[in-house]
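A.B. asks: According to the numbering used here, numbering within the sequence shown proceeds without interruption in unit steps and concludes at 723. Beta carbons: idealized from backbone N, C-alpha and C, even for Gly.
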Amino acid sequence: MKATLIIRHHAGTLTLETEAGAPVAPLLREAGLLHLPCGVGKCGKCLIYADTEPCAEERALLGERIASGLRLACHTRATDGLEIRIPRPEALRVLTSFAQSGYAFRPIVERRAFAVEAPSLDDQRSDLQRLMDACAVDRHALDLDALAALPAFLRAQAEERSGETPASDAAHSPRDYAELCVSEEGRTEASAPECGPESGLESARGTKDASSSEVKENQDVKRISSSEEERKNLAAPESESGRQQEASAPECGHESGHESGHESGSECGPESGRTAKDGASCDDGRIRAFGLVHGHELVGYTASARPHALIVDIGTTTVAALLVDLRSREVVAVRGEHNAQSSYGADVISRIRHETEWRESGAHGSNPLRAAIVGQIAALLRGLLDEAGIADVDALSITGNTTMMHLFCGLPAEGIGKAPFIPASLAPLRLPAAALGLPSQGTAFLMPGISSYIGADIVASLLAAEAHRDQPPFLLVDLGTNAETVLGVGGKLYACSAAAGPCFEGATLSCGMAGQEGAIDAVFPDSQRGLSFTTIGDAPARGLCGSGVLDAVALLLDAGALDETGRLEAEGPLGAHIRDDALVLADGVRLTQRDIREVQLAKAAVRAGIDVLLEEAGLAASDVACLYLAGGFGSAIRPGSAARIGLIPPELAGRVRVLGNAAGCGALRYVTEEGADKSSLSIIRRTRYVELSAHPGFTTAYVDRMCFPETGEDGVDSRL
Ligand code: FES
Numbered sequence: 004m005k006a007t008l009i010i011r012h013h014a015g016t017l018t019l020e021t022e023a024g025a026p027v028a029p030l031l032r033e034a035g036l037l038h039l040p041c042g043v044g045k046c047g048k049c050l051i052y053a054d055t056e057p058c059a060e061e062r063a064l065l066g067e068r069i070a071s072g073l074r075l076a077c078h079t080r081a082t083d084g085l086e087i088r089i090p091r092p093e094a095l096r097v098l099t100s101f102a103q104s105g106y107a108f109r110p111i112v113e114r115r116a117f118a119v120e121a122p123s124l125d126d127q128r129s130d131l132q133r134l135m136d137a138c139a140v141d142r143h144a145l146d147l148d149a150l151a152a153l154p155a156f157l158r159a160q161a162e163e164r165s166g167e168t169p170a171s172d173a174a175h176s177p178r179d180y181a182e183l184c185v186s187e188e189g190r191t192e193a194s195a196p197e198c199g200p201e202s203g204l205e206s207a208r209g210t211k212d213a214s215s216s217e218v219k220e221n222q223d224v225k226r227i228s229s230s231e232e233e234r235k236n237l238a239a240p241e242s243e244s245g246r247q248q249e250a251s252a253p254e255c256g257h258e259s260g261h262e263s264g265h266e267s268g269s270e271c272g273p274e275s276g277r278t279a280k281d282g283a284s285c286d287d288g289r290i291r292a293f294g295l296v297h298g299h300e301l302v303g304y305t306a307s308a309r310p311h312a313l314i315v316d317i318g319t320t321t322v323a324a325l326l327v328d329l330r331s332r333e334v335v336a337v338r339g340e341h342n343a344q345s346s347y348g349a350d351v352i353s354r355i356r357h358e359t360e361w362r363e364s365g366a367h368g369s370n371p372l373r374a375a376i377v378g379q380i381a382a383l384l385r386g387l388l389d390e391a392g393i394a395d396v397d398a399l400s401i402t403g404n405t406t407m408m409h410l411f412c413g414l415p416a417e418g419i420g421k422a423p424f425i426p427a428s429l430a431p432l433r434l435p436a437a438a439l440g441l442p443s444q445g446t447a448f449l450m451p452g453i454s455s456y457i458g459a460d461i462v463a464s465l466l467a468a469e470a471h472r473d474q475p476p477f478l479l480v481d482l483g484t485n486a487e488t489v490l491g492v493g494g495k496l497y498a499c500s501a502a503a504g505p506c507f508e509g510a511t512l513s514c515g516m517a518g519q520e521g522a523i524d525a526v527f528p529d530s531q532r533g534l535s536f537t538t539i540g541d542a543p544a545r546g547l548c549g550s551g552v553l554d555a556v557a558l559l560l561d562a563g564a565l566d567e568t569g570r571l572e573a574e575g576p577l578g579a580h581i582r583d584d585a586l587v588l589a590d591g592v593r594l595t596q597r598d599i600r601e602v603q604l605a606k607a608a609v610r611a612g613i614d615v616l617l618e619e620a621g622l623a624a625s626d627v628a629c630l631y632l633a634g635g636f637g638s639a640i641r642p643g644s645a646a647r648i649g650l651i652p653p654e655l656a657g658r659v660r661v662l663g664n665a666a667g668c669g670a671l672r673y674v675t676e677e678g679a680d681k682s683s684l685s686i687i688r689r690t691r692y693v694e695l696s697a698h699p700g701f702t703t704a705y706v707d708r709m710c711f712p713e714t715g716e717d718g719v720d721s722r723l
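1) Looking at Val693: is its Cβ nearer than 7 Å to the Cβ of Cys499?
2) Between Arg689 and Val615, what straight-line distance do the alpha-carbon atoms span, to the nearest angstrom?
3) With 16 as the cutoff for other CB atoms within 10 Å, does Ile687 come out buried or exposed?
4) With DSSP collapsed to three states, give me the class of Leu439.
5) Over the uninterrupted alpha helix (DSSP H) stretch that includes Phe411, give me the two end residues.
6) Tell me the residue span of the alpha helix (DSSP H) that contains Phe636.
7) For ligand 1, I want to know if Leu39 counts as a neighbour, meaning its beta carbon is within less than 6 Å of at least one of the ligand's heavy atoms.
8) Please name the residue, chosen from Ile457, Ala398, Pro576, Ala53, that lies closest to Leu695 on a Cα-to-Cα basis.
9) Is any non-hydrogen atom of ligand 1 found closer than 6 Å to the C-beta of Leu75, if you look at the structure I gave you?
10) In terms of alpha-carbon separation, which member of Val592, Val480, Asp583 lies closest to Phe636?
11) Considering only the alpha carbon of each residue, which of Ala468, Ala470, Asp460 lies closest to Gly483?
12) Mind checking who Asn485 pairs with in its DSSP beta bridge?
13) Which first and last residues belong to the alpha helix (DSSP H) in which Tyr705 is found?
14) Cβ of Arg128 within 7 Å of Cβ of Glu300?
15) Which same chain residues end up closer than 6 Å to Ala394 when comparing Cβ atoms and leaving out the 5 residues on each side of it in sequence?
16) Leaving aside the five residues before and after Gly509 along the sequence, list all residues of the same chain whose C-beta is less than 6 Å from its C-beta, in chain order.
17) Could you tell me whether the Cβ atoms of Ala666 and Ala463 are closer together than 7 Å?
18) Counting along the chain, where does the alpha helix (DSSP H) carrying Arg688 start and finish?
19) Tell me the DSSP secondary structure of Thr16 in three-state form.
20) Thinking just about the alpha-carbon of each residue, which of Arg658, Arg80, Lys48 is nearest to the one in Leu65?
21) Where does Glu270 land, buried or exposed, given buried means 16+ other C-beta within 10 angstroms?
22) Quick one: what does DSSP say Tyr106 is sitting in, helix, strand or coil?
23) So, Ala427 versus Pro415, is the Cβ gap smaller than 7 Å?
24) The alpha helix (DSSP H) that contains Glu363, what's its start and end?
25) Quick check: the Cα distance between Phe682 and Glu676, rounded to an integer number of angstroms?
26) Buried or exposed for Arg332, please, with buried defined as at least 16 other CB atoms from any protein chain shown within 10 angstroms of its CB.
27) Could you spell out the range, first to last residue, of the beta strand (DSSP E) harbouring Thr305?
28) On a Cα-Cα basis, can you pick out the residue from Ala25, Ala118, Arg62 that is closest to Arg291?
29) Let me confirm a value: Ser535 is counted as buried when at least 16 other C-beta atoms fall within 10 Å, else exposed. Which label applies?
30) Please list, in chain order, all residues of the same chain as Ala349 whose beta carbon is under 6 Å from its beta carbon, the five residues on each side excluded.
31) When the distance is taken between beta carbons, is Gln603 closer than 7 Å to Met709?
32) Grab me the residues of Leu153's own chain with a C-beta within less than 8 Å of its C-beta, minus the 5 sequence neighbours each way, in chain order.
33) Give me, in chain order, the residues of the same chain whose beta-carbon lies closer than 7 Å to that of His12; leave out the 5 immediate sequence neighbours on both sides.
34) Using a threshold of 6 Å, is the CB atom of Gly42 nearer than that to any non-hydrogen atom of ligand 1?
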């Protein structure tokens, strides 16, 4: 017998038909409405509202929340006419802070400004040739859509120019023109500001004023023209000598007051009052458009004078997107969401299995996992562009773990999931964003990876940590569903990936949650009450995020309420908080004995990975000068708690350096630092991947690290 379900979700209402008595969870997952972290009715995360009789498992997992109509999809069966309401997904906080040393900021996609004249009988070059000549390149990578749109684009610009129509785009202000005039070699170059906490790239809406950006070059604007002499000049390829001239060109910064190299010698910048018309080098003053050049190829064109880049980090659990203004170097808008593929499973293996099944089914059309992530990134891009009030980006830098990059590109991921774990490709890619299905005329740069389990996101983090430069021995740990760990020593890099599971991201803990409002993110001893805590947003406690979990376990150990085997006992100053085999932190927020076992498994995997790498390199933990912690969780934890529970070596608790959103930072560097592509490849060449499942020492280390350190062992100070 058939059953019709009415599904109400934040974006509308849907009816689904299935067999009466069938479980509703797979249906909701297939519809992309719900993700199922465990999929077997154990984690209590597949929350829905439905008017059904709760089963014993639901009562146990949901407690008093049953009264509000909350149920679990895993335990709900279809009945005809059943109405299901899906709670609105919460926005995720995206970590936007970058902590790194400075680098010369130079967008990989260069803008070459040109003015446009209507074509004439004297000039029989094609539109494409005229544009390439104007940009001083002899190759292009425009796709058919971009080529098809070019004639109308050029004529629209020419008409606007000849009609003296004021530029409709606010971005066409004189200041924008002045900032983006191209040099004789057709290059724009910003000076080399620091990019880091002090430089204004630290926060989402960084403190650095856009007016402090400096422009070195500000000379001739190339012009599409019929003049034979100009044509010859313009067609000349860029020369090495040209680069040198450019490097020695005088500065023309807003604060510098230096004269620019253009003929009029007028100052360049908002304070100088210079407009495009004022500058002799800006032709007759009206720059209408920009050619976008990568290397020696024309990759696009735009009329917008506001260069931006989109940075995307595709994680298994979350997707983070940052929109960066390439002039001010500020992150101007950010969005983060649960990965839309989550409904196909919480871990990469489940996703690979789904992708493989789809491929083997011979189904036509779009792979649903690919469609999910492409659609999500497209929506994130549209939302960010709307928020910033701009039309498009010049470049997109995309990073992520190897499985996510495969699924995003539509590459078969099957090889990643089974021995000997061979991915289809780890190479960097450059292609039009539109070819990936994204709504942009920009160019997408997909970062390269190291192995199936050390992906492009870790290459990005290593780039952010400047692993390609000489430095004392260091460890970099990115704690997520997999804990990717890299040990750098003497120019060599040793990398491994330990399956920590989604415990630190809250997915498998009874009251675990992501770092959202209401999550307990820090727990402290309190002489009066035994313990106190803080929550994100100072909101009422709703659950525990990873940093809160670590603090709580460390506190239990310090208080003697947890022995080294992980057995919870209602003793010591926290005794009053321990009830029914759980630490009760607040109403409905508990850390259970089972949760603690999950933490033990996860931390043992991470620590065993560190042990194996140290052994491979012949180092002791005390030889490591710096422990870089990457990612949102790594940035939130207290090193003392991490050392206290045995997640990191105690010697390193005082040597932690938090990198913040290292993957985002590295992905930004990838498209804004000259030579970052080569640095990434150098990092990859110098990395030896250690497969833990095949390492003889891993299992022993894993078992050894399952217990918690005894109180005071190794002088761990959990107050760090
Ligand atoms: S209880 Fe349904 S996904 Fe875990």
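C.D. replies: According to the structure shown:
1) yes
2) 18 Å
3) buried
4) helix
5) 405-412
6) 634-639
7) Look at Leu39: its beta carbon is less than 6 Å from one of the heavy atoms in ligand 1.
8) Ile457
9) yes
10) Val480
11) Asp460
12) Looking at the DSSP assignment, Asn485 forms a beta bridge with Ala502.
13) 701-707
14) In this structure, Arg128 keeps its C-beta atom at 7 Å or more from the C-beta atom of Glu300.
15) Ser307
16) Setting aside the 5 residues that flank it on each side, Gly509 is surrounded in the same chain by Gly515, Met516, Ala517, Cys548, each with a C-beta closer than 6 Å to its C-beta; the list follows chain order.
17) yes
18) 679-688
19) strand
20) It is Lys48.
21) For Glu270, the predicted structure reports a pLDDT of 29, less than 50, and the residue's modelled location is therefore unreliable. The matter cannot be settled from this model.
22) In this structure, Tyr106 counts as coil in the three-state DSSP scheme.
23) In contact: Ala427 and Pro415 (Cβ atoms closer than 7 Å).
24) Counting along the chain, the unbroken alpha helix (DSSP H) around Glu363 starts and ends at 351-363.
25) In the sequence on display, residue 682 carries Ser and not Phe. In a straight line, the C-alpha of Ser682 is about 10 Å away from that of Glu676.
26) Burial of Arg332 is indicated by the presence of at least 16 other C-beta atoms within 10 angstroms of its C-beta.
27) 300-305
28) Ala118
29) exposed
30) Pro40, Pro505, Ala510
31) Yes, these two residues count as a Cβ contact at 7 Å.
32) Asp130, Leu131, Leu134, Leu145, Tyr304
33) Leu36, Ile89
34) Distances between the C-beta of Gly42 and the heavy atoms of ligand 1 include at least one below 6 Å.
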